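Report on one structure; see the data block that follows.
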DNA sequence: CCCACACCGATT
DNA sequence: ATCGGTGTGG
């Protein structure tokens, strides 16, 4: 077990925002306010906060006013935490680079301070997690991913609950469709084990190996899986394989892109050719920051449609 | 290239 | 009643 404490400028990280913005689905807030999360073979218990609370309790803290303290307990070293939250990237610099290329994103960036594109450690976990996302909402996705995780090996007992490592493809392939349907997976109860069986037919490490290909080739290989279309393939490319030029275009990104860039397409359906058009446009504009730009547009639109349906 | 439909549960 | 990724079929 490792305990460590990171101190960052507050502008660098909003952990609750990062783990609640539809990138990962295995984090929960405990009644104490701490966050419990699992990523690959790592678990984390995180307490984080601006030191405003400290200041209220102990008015004279020596810490700078804009410091964020992150206290982590984990079975893995600090580098894994830094990698997951991509802390080697300076968020203010990313924001500035995005605004240089797309000043129209200023309101989005300002509305979501501390939002980062995460880098989960296991592409297989990312693939199966995002197979739960179509036609779905964050709450149910989280339940479904938790149900899948129960099939994995226990890695820790924390606060009375058992954290599981996400199951491998062989384990998922063995789950009967009826069992997943009984757990509320709907038609995904068939496609999830089916994708797992397809992975088993590939060479070992086929999925992780896609990260060595050019983005376009990795994307196209992922689309070759029955049950994986362009959107899921881009989610795996961005979050699972680290292709920052990927832009998963779902209904939220489509709406945001239409408002900002394609007013003549508002209300039209998202066809495959328009999918490519949006992705190409964003890549031309944001280059290697496309994934970051996508995350601002996606989550802003998600919040927007929650407050005001339609 | 675009559309219409089924899938299934959530939301209106 | 409508929505939403993907597959299928027109």
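Residue numbers (the numbering used here): 2 to 311.
From the three backbone atoms N, C-alpha and C, an ideal C-beta is built for every residue, glycine too.
Computed from a predicted model, the values in this text were never measured in an experiment.
With distances taken from CA atoms, which of the options is nearest residue i?
i: residue 301; options: 22, 161, 15, 13; result: 22
i: residue 137; options: 189, 164, 199, 167; result: 189
i: residue 4; options: 16, 48, 29; result: 48
i: residue 261; options: 247, 273, 286; result: 286
i: residue 291; options: 30, 304, 98; result: 98
i: residue 125; options: 278, 33, 211; result: 211
i: residue 250; options: 279, 150, 144; result: 279
i: residue 257; options: 169, 194, 166, 109; result: 109
i: residue 36; options: 43, 28, 42; result: 28
Could you have a look at residue i and say whether DSSP puts it in helix, strand or coil?
i: residue 120; result: coil
i: residue 271; result: coil
i: residue 45; result: strand
i: residue 23; result: coil
i: residue 53; result: Unreliable positioning characterises residue 53 in this predicted model, as indicated by a pLDDT of 48, which lies under 50. The coordinate reading is nonetheless provided below. The answer is helix: DSSP assigns residue 53 an H, G or I state.
i: residue 195; result: helix
i: residue 132; result: coil
i: residue 173; result: helix
i: residue 69; result: strand
i: residue 87; result: coil
i: residue 93; result: helix
i: residue 162; result: strand
i: residue 305; result: helix
i: residue 58; result: Because residue 58 carries a pLDDT of 49, less than 50, the predicted location of this residue cannot be relied on, and the following value inherits that uncertainty. DSSP places residue 58 in helix when its eight states are reduced to three.
i: residue 264; result: helix
i: residue 155; result: strand
What does the alpha-carbon distance come out to for the pair residue i and residue j?
i: residue 77; j: residue 156; result: 12 Å
i: residue 289; j: residue 223; result: 20 Å
i: residue 202; j: residue 187; result: 25 Å
i: residue 75; j: residue 112; result: 31 Å
i: residue 46; j: residue 153; result: 19 Å
i: residue 55; j: residue 142; result: Summary for residue 55: the model assigns pLDDT 49, below 50, so the residue's position carries little reliability; its value from the coordinates is reported in the next sentence. Distance between the alpha carbons of residue 55 and residue 142 is about 35 Å.
i: residue 68; j: residue 270; result: 45 Å
Residue i bridges to which residues according to DSSP?
i: residue 76; result: DSSP, once it has assigned bridges, lists no residue as partnering residue 76.
i: residue 36; result: 30, 47
i: residue 5; result: 73
i: residue 10; result: 68
Using a Cβ-based criterion (distance less than 7 Å to any ligand heavy atom), does residue i qualify as near the ligand COA?
i: residue 133; result: As far as ligands go, the structure on display features none, and thus does not contain the ligand COA.
Is the stretch 116 to 136 touching the stretch 222 to 236 in the sense that three or more CB pairs, one from each, lie closer than 8 Å?
-> Of all C-beta pairs linking the stretch 222 to 236 to the stretch 116 to 136, three or more are shorter than 8 Å, placing the two stretches in contact.
How do the stretch 238 to 248 and the stretch 89 to 108 stand: do at least 3 beta-carbon pairs fall below 8 Å, yes or no?
-> Segment contact: the stretch 238 to 248 against the stretch 89 to 108, fewer than three CB-CB distances shorter than 8 Å; contact not assigned.
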